[in-house]
Amino acid sequence: ATHATASDDGTLRLWNTADWSPRATLIGHGDDLTSAAFAPDGSRLFSSSTDGSVRIWDARTEYYGGAKLTASAAAYVARYSPDGSRMAIASFDGRIEIRDGNTLEPLHTWQAHPKGKSCHALAWTPDGKALVSGSWEPVVRVFDAASGELRAGFEQGDGTSHLAISPDGKLVGAAAGKRVVLWSLEEKKQVGEFTGHTSTALAANFSPDSKLCVSTGRDGAARVFDVSSVAQRFEIRTSAQDVAEAMFTPDASSIVVATRGGHITLHAAADGSLLRELARLRHGLNHFVISPDSSRVAVASNVVVLIDLARGGVVGELRRHVEHPYNVAFDPSGTRLLSCSTDKTIAVSDTRPLREWLSSLQR
């Protein structure tokens, strides 16, 4: 049997009642706990806190909201496949690992880049058949997602900060040095190069129709350029020096821009004009992702922060890692959120509202 205690240090502790030895410490709340109770069948544990949240734990594990995995080194990217059936994890030691998206069982792993060059840029092709990866090695690689076999290598002279694949599956956009290099996956060659940044480019993401790309860098700006002509349409200037990432919303109406310092804003996709401020995070951020229904922005800050895209403001926080999370990704349904951290952990969180989650258990 198991006994649970709630503490004012923000933790729940599970104890084996046979000898009162500690079984697990559950970390998730941000303030004092006020109560804890097991479900009648003992499978779940409910807790409440002065942080204003009620949390549901799997009483058979020590983690909240789903499974937590461990990579072979610091985990920099974790991405669901386009159909949600698999997940790909890239880590500091240059390895890529594929796991089953539902059972989390390991399927395949391989050395994608040299151990000393990291692997921190990763994307699935829309058909789910290939993975494109980047590191501080001056080459972008394309792998067969099922076997890990190398399909192509694109040498670009600089290490890759970030990469994305156009939604039509034709192009790879790699932020490398001060440039965004465009590669054709079909022709296996460079087809364009955006050179509008005056300092290091940090990220690049395509519009839903694949016609535009928005890139960010250490020159304080997000820049939207035409993919076919590689000419800049407009720039979104910020007050910060480092703009971590910018991304089109799935409905293509807006662009979310986030600075490394944690200032997140929403802009019109037509001309970059400011629509609203979404949040100012005290602890800065690494990367973010927008939910498929355009309702939430999930941010890798000191914790995983959920932001309301329509109104702005923080609506939730997930404390899933010991060290700061580095990257986040939704599954195609928008109900599961992957987060990964430099502490080697990968977490799967259920982002549904509590009422919806409880209703699903009764079906």
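According to our numbering, the sequence shown holds residues 889 to 1251 in order.
Glycine is no exception: its CB is placed at the ideal position from the N, C-alpha and C atoms.
Cα-Cα separation, residue i to residue j
i       : j       : result
Thr1013 : Ala925  : 44 Å
Tyr951  : Arg967  : Any reading at Tyr951 must be qualified, since the residue scores a pLDDT of 48, below 50, and its modelled position is unreliable; the value itself is stated next. When rounded, the distance between both Cα atoms is 20 Å.
Pro1055 : Asp907  : 56 Å
Glu1081 : Gln1044 : 10 Å
Asp920  : Gly1057 : 48 Å
Ala1110 : Ala912  : 45 Å
Thr1233 : Ser1183 : 26 Å
Gly1036 : Ala978  : 13 Å
Leu1059 : Val1185 : 25 Å
Trp1024 : Asp1046 : 7 Å
Thr1088 : Gly898  : 40 Å
Leu1163 : Val1028 : 35 Å
Simplified DSSP assignment, three categories, for residue i
i       : result
Lys1266 : The first residue shown for the chain is 889 and the last is 1251, placing residue 1266 beyond what the model contains.
Val1118 : coil
Ser1179 : coil
Ala1188 : strand
Gln1238 : Here residue 1238 turns out to be Asp, not Gln, going by the sequence shown. DSSP places Asp1238 in strand when its eight states are reduced to three.
Phe980  : coil
Thr958  : strand
Leu992  : coil
Trp1071 : strand
Gly1105 : strand
Arg1125 : strand
Thr1153 : strand
Glu1043 : strand
Pro1220 : coil
8 Å Cβ cutoff met for residue i and residue j
i       : j       : result
Gly972  : Ser1221 : yes
Arg1121 : Asp1130 : no
Val965  : Leu1010 : yes
Val1144 : Thr1126 : no
Ser1108 : Ala1128 : Note that residue 1108 corresponds to Gly in the displayed sequence, not to Ser. Cβ atoms of Gly1108 and Ala1128: closer than 8 Å.
Ala1140 : Asp1097 : yes
Arg1224 : Val1210 : no
Ala1033 : Asn1093 : no
Ile1195 : Pro1138 : no
Phe1176 : Val1191 : no
Arg1240 : Lys956  : no
Exposed unless 16 or more other CB atoms sit within 10 angstroms - verdict on residue i
i       : result
His891  : exposed
Leu1090 : buried
Arg1170 : exposed
Gly930  : exposed
Leu1038 : exposed
Ser923  : exposed
Ala1156 : exposed
Ala1119 : exposed
Asp1219 : buried
Ser909  : exposed
Ala1132 : buried
Arg1199 : exposed
Asn1174 : buried
Ala927  : exposed
Residue i at chain B interface by Cβ criterion, 8 Å
i       : result
Phe1218 : Looking at the structure shown, chain B is missing, and only one protein chain is on hand.
Check your understanding: Are there three or more Cβ pairs, one per stretch, closer than 8 Å when the segment 1057 to 1071 is compared with the segment 1094 to 1111?
Key -> Yes, the segment 1057 to 1071 is in contact with the segment 1094 to 1111.
Check your understanding: Using 8 Å as the threshold, is the segment 997 to 1009 in touch with the segment 977 to 985, meaning 3 or more CB pairs across them?
Key -> yes
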